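Number of protein chains: 2
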Amino acid sequence: MSGPGRPRSEAARRAVLLAALEIVGESGYPALTMEGIARRAAVSKQTVYRWWPSKAAVVLEALNEGAAEIAPTPDGEDLAADLRAFLWRSVHGARGRTARLLVALMAEAQLDPAFARSFQSSFLAQRRAVMVEFLERARARGEIGPDVDLELIAELFFGALWYRLLAASGPIDRNFADELTDALLELLADRSEHASGSEIESILRRS
Amino acid sequence: MSGPGRPRSEAARRAVLLAALEIVGESGYPALTMEGIARRAAVSKQTVYRWWPSKAAVVLEALNEGAAEIAPTPDGEDLAADLRAFLWRSVHGARGRTARLLVALMAEAQLDPAFARSFQSSFLAQRRAVMVEFLERARARGEIGPDVDLELIAELFFGALWYRLLAASGPIDRNFADELTDALLELLADRSEHASGSEIESILRRS
DNA sequence: TTATAGCAGGACGTAGCGTCCAGTAATCTG
DNA sequence: CAGATTACTGGACGCTACGTCCTGCTATAA
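Protein chains in written order, with our numbering: chain A, 288 to 494; chain B, 288 to 494.
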């Protein structure tokens, strides 16, 4: 398939990703530099710039590389149990070493518009989509009413999770996941009279 | 009051804060540097380092300077209306120029542990506390049941707001504030049987 | 008047930035 | 095999900001 010319070195690619992870693990993300990556990977600086525009791009690829084995979400027949499992998996996957990478990438996305686009589309939006699809399957089984905004539910969850990560407002543990599960289940229990009543009220109040 | 020696120059202080805001406004936060601040403020670099440890600290002080006139939250007798007003005020205050400052500071907090501490304690925790106190006053009036975790409510709100800011997942407008208001009101409507049932379930499920 | 603290102006070495070049290495096409 | 094409190395480049230091001057309190 690939045209003429020397093919890209897979060894160099892996060495770069590994070096980046090692440096972050040992010295923290702020200490990561393109020069340092090239040195540690024993690779020319030119090669690094050839394939990645910034250190954040390197880290994002390393992260996606490791997170390739995301097992699909198992759906049962009990929304409460399924959601609890789903949220716990998500919360559990945002701890320790991974947590440090996540917050660093989110920070970088705020400072680098080009990286922001790839991070938002190739990571954040993906995660939201997975959750929304999970909820839509439950709705198809009749476990969620038609009047609940599933996008909003997903945003409440990821918002709370990211807030804990970024604001260090509390532990990211099983209890946190359970509290969120209970709250979201309450919102998913579509008591339509109350819900539509509330919407009408808000419309009136706005005028 | 102050001991001997030349007093701190208020003119220099204001010049530094103003210069920082101007540079951010014109060229964006990433273009802000300590050297640039000193140049623009026509102030010695030494003076800047004398009073602020980092550019983020300068911006945080400038932000707090401008946000000094935060009017106290008016409590009425209707939780729904009060909460709607409260959330809208908060959402409205996180837009435009201020939004750019906020995301930059949050980003910096992830990369600079020393700044993270001051940002979390002197800003994020403050905002949460104001909201929790607002909710506690409503609870004291009997508008919120005793079994609702007000800290969690506040975290859901700020989480969603910050997520919109950082992930650019949607517009930060009146409709967004209203959706959040409706969702939180639903959670604040303490239907205790349902809630405690859910908690018991979660305890059983954990064992 | 003297001690004390703040400010201006500039110099310093360090380090990463992002780009460029010349030379070498690996692969496809004819 | 020969030539075209692309990738990788190694080093160099100017640039900019970093954070610290020094000298001399200025403004206030005791």
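C-beta: ideal position from N, C-alpha, C; glycine also. Predicted model only: the values in this text are computed from it and were never measured.
If I follow the unbroken alpha helix (DSSP H) through LEU319(A), where does it start and stop? As a working mapping, residue 319(A) is identified with position 32 in the first sequence. It is not in any alpha helix (DSSP H) - LEU319(A) carries neither H nor E in the DSSP assignment.
Can you tell me which of the three DSSP states GLY353(B) falls into? In the second sequence, the residue the question calls residue 353(B) occupies position 66. GLY353(B): helix per DSSP, three-state reduction.
Taking 8 Å as the threshold (beta carbon to beta carbon), is GLY446(B) in contact with chain A? Within the second sequence, numbered from 1, the residue matching residue 446(B) stands at position 159. Yes - at least one Cβ of chain A is within 8 Å of the one on GLY446(B).
What's the gap between the Cα of ALA416(B) and the Cα of LEU452(B)? For this step, residue 416(B) is matched to residue 129 along the second sequence. For this step, residue 452(B) is matched to residue 165 along the second sequence. Rounded to whole angstroms, ALA416(B) to LEU452(B) spans 20 Å at the Cα level.
Measure the alpha-carbon distance for LYS332(A) versus GLY323(A) and round it to whole angstroms. For this step, residue 332(A) is matched to residue 45 along the first sequence. For this step, residue 323(A) is matched to residue 36 along the first sequence. Taking the straight line from one Cα to the other gives about 9 Å.
Verify whether the separation of the beta carbon atoms of ALA447(A) and GLU442(B) is less than 8 Å. Looking up residue 447(A) in the first sequence gives position 160. Looking up residue 442(B) in the second sequence gives position 155. It is a contact, given that the beta carbons lie within the stated cut-off.
Using 10 angstroms around the beta-carbon of GLN413(A), count the other beta-carbons present and answer buried if the total reaches 16, otherwise exposed. Here residue 413(A) is taken as the residue at index 126 of the first sequence, counted from 1. With fewer than 16 other Cβ atoms within 10 Å, it is exposed.
Taking 8 Å as the CB-CB cut-off, is VAL335(A) touching chain B? Stepping through the first sequence from its first residue, residue 335(A) is reached at position 48. Nearest CB-CB separation between VAL335(A) and chain B: not below the 8 Å threshold.
Is there a C-beta anywhere in chain B that falls below 8 Å from the one on SER494(A)? If you number the first sequence from 1, residue 494(A) lands on position 207. Because the pLDDT at SER494(A) is just 42, under 50, the model does not fix this residue reliably, and the point stays unresolved.
Beta-carbon separation of PHE445(A) and VAL378(A) under 8 Å? Stepping through the first sequence from its first residue, residue 445(A) is reached at position 158. Stepping through the first sequence from its first residue, residue 378(A) is reached at position 91. Not closer than 8 Å, so no.
Along chain B, in chain order, which residues have C-beta atoms closer than 7 Å to that of VAL239(A)? Nothing about residue 239(A) can be reported from this structure: the residues present for chain A run from 288 to 494 only.
Assuming PHE402(B) is part of the alpha helix (DSSP H), what are its boundary residues? Translated into positions along the second sequence, residue 402(B) becomes position 115. Counting along the chain, the alpha helix (DSSP H) containing PHE402(B) begins and ends at 400-406.
Pick from ALA403(B), ARG337(B), LEU319(B) and PRO294(B) that is closest to LEU305(B), judged by C-alpha positions: In the second sequence, residue 305(B) corresponds to position 18, counting from 1. Taking only the C-alpha atoms, the option nearest LEU305(B) is LEU319(B).
Beta-carbon within less than 6 Å of ALA328(B)'s beta-carbon, same chain only, minus the 5 sequence neighbours each way: which residues are those? As a position in the second sequence, residue 328(B) is number 41, starting the count at 1. These residues qualify, in order along the chain: ALA302, VAL303 and ALA306.
Using the C-alpha atoms, what's the distance from ARG293(B) back to TYR450(A)? In the first sequence, residue 450(A) corresponds to position 163, counting from 1. In the second sequence, residue 293(B) corresponds to position 6, counting from 1. Straight-line Cα distance between these residues: approximately 44 Å.
Pairwise C-alpha distance: SER408(B) and MET418(B): In the second sequence, the residue the question calls residue 418(B) occupies position 131. In the second sequence, the residue the question calls residue 408(B) occupies position 121. Separation of MET418(B) and SER408(B) (C-alpha to C-alpha, rounded to the nearest whole angstrom) is 15 Å.
Whole angstroms are fine: how far does the CA of ARG376(B) sit from the CA of ASP460(B)? Along the second sequence, one-based indexing puts residue 460(B) at 173. Along the second sequence, one-based indexing puts residue 376(B) at 89. Near 11 Å, if we compare the C-alpha coordinates of ARG376(B) and ASP460(B).
Do LEU439(B) and ALA454(A) have their C-beta atoms within less than 8 Å of each other? Here residue 439(B) corresponds to residue number 152 of the second sequence, with the count starting at 1. Here residue 454(A) corresponds to residue number 167 of the first sequence, with the count starting at 1. No; because the gap between Cβ atoms is not below 8 Å, this pair is not in contact.
Could you run through the segment 313-328 of chain A and flag, in chain order, every residue whose CB is less than 8 Å away from some CB of chain B? Shown in chain order are the members of the segment 313-328 of chain A whose Cβ falls below 8 Å from a Cβ of chain B: TYR316 and PRO317.
Mind pulling the chain B residues with CB within less than 9 Å of GLN407(A)? Translated into the one-based positions of the first sequence, residue 407(A) becomes position 120. In chain order: ALA454, ALA455 and SER456.
With 16 other CB atoms within 10 Å as the buried threshold, where does ARG326(A) fall? In the first sequence, the residue the question calls residue 326(A) occupies position 39. Per the 10 Å Cβ criterion, exposed.
Just confirm the distance between the C-beta atoms of LEU370(B) and LEU472(B), as a whole number of angstroms; I'd bet it's less than 8 Å. Within the second sequence, numbered from 1, the residue matching residue 370(B) stands at position 83. Within the second sequence, numbered from 1, the residue matching residue 472(B) stands at position 185. The C-beta distance from LEU370(B) to LEU472(B) rounds to 6 Å, short enough to fall under 8 Å.
I need the DSSP call for SER289(A), collapsed to helix, strand or coil. Numbered from its first residue, the first sequence carries residue 289(A) at position 2. If DSSP states are grouped into helix, strand and coil, SER289(A) belongs with coil.
Collapsed DSSP secondary structure at SER479(B) in the structure displayed: The residue given as residue 479(B) occupies position 192 in the second sequence. Unreliable positioning characterises SER479(B) in this predicted model, as indicated by a pLDDT of 48, which lies under 50. A coordinate reading is not provided.
Does GLU486(A) come within less than 8 Å of chain B when only Cβ atoms are used? On the first sequence, residue 486(A) is found 199 positions in, with the first residue counted as 1. For GLU486(A), the predicted model reports a pLDDT of 46, less than 50, meaning its position is unreliable; a value from the coordinates is still stated below. At least one C-beta of chain B is nearer than 8 Å to the C-beta of GLU486(A).
Which one of ASP365(B), ALA372(B) and GLU352(B) has the shortest CA to CA distance from PRO359(B)? Here residue 359(B) corresponds to residue number 72 of the second sequence, with the count starting at 1. Measuring from the Cα of PRO359(B), the nearest candidate turns out to be ALA372(B).
What's the gap between the Cα of ASP365(B) and the Cα of SER341(A)? In the second sequence, counting from the first residue as 1, residue 365(B) sits at position 78. In the first sequence, counting from the first residue as 1, residue 341(A) sits at position 54. Cα-Cα distance, rounded: 51 Å.
On the criterion of 16 or more Cβ atoms from any shown chain inside 10 Å, does SER456(B) qualify as buried, or is it exposed? Position 169 of the second sequence, counting from 1, holds the residue named residue 456(B). By the neighbour-count rule (16 or more Cβ atoms within 10 Å), SER456(B) is buried.
Kindly confirm or deny that the segment 388-400 of chain B and the segment 388-401 of chain A touch, where touching means at least three C-beta pairs closer than 8 Å. Yes: the two stretches touch, three or more of their Cβ pairs being nearer than 8 Å.
Let me make sure I understand the geometry here. Which of ASP436(A), ARG384(A) and TRP338(A) has the alpha-carbon closest to that of GLU297(A)? Indexing the first sequence from 1 puts residue 297(A) at position 10. Closest in alpha carbon position to GLU297(A), among ASP436(A), ARG384(A) and TRP338(A), is TRP338(A).
Contacts around ALA343(A), its chain only, beta-carbon distance under 7 Å, and the 5 residues preceding and following it disregarded: For the purposes of this step, residue 343(A) is identified with residue 56 of the first sequence, where counting begins at 1. In its chain, beyond the 5 residues on either side, LEU392, GLU395, ASP399 and PHE402 have a beta carbon closer than 7 Å to the beta carbon of ALA343(A).
With 16 as the cutoff for other CB atoms within 10 Å, does GLU466(A) come out buried or exposed? As a working mapping, residue 466(A) is identified with position 179 in the first sequence. Buried is the call here.
Can you list, in chain order, the residues of the segment 341-375 of chain B whose Cβ is nearer than 8 Å to any Cβ on chain A? Residues passing the 8 Å Cβ filter: ALA367, ALA368 and ARG371.
TYR316(B) classed as buried or exposed, judged by whether at least 16 other C-beta atoms fall within 10 angstroms: Locating residue 316(B) in the second sequence gives position 29, where the first residue counts as 1. Result: buried.
Can you find the residues in the same chain that come closer than 8 Å, C-beta to C-beta, to PHE406(B), ignoring five residues on each side of it along the sequence? By 1-based counting over the second sequence, the position of residue 406(B) is 119. Same-chain partners within the cutoff: ALA343, LEU347, LEU392, MET393, GLU395 and ALA396.
For the candidate residues ALA425(B), VAL311(B) and ALA386(B), whose alpha-carbon lies nearest to that of ALA354(B)? Counted from its first residue, the second sequence places residue 354(B) at position 67. Taking ALA354(B) as reference, the option from ALA425(B), VAL311(B) and ALA386(B) with the minimal CA-CA separation is ALA386(B).
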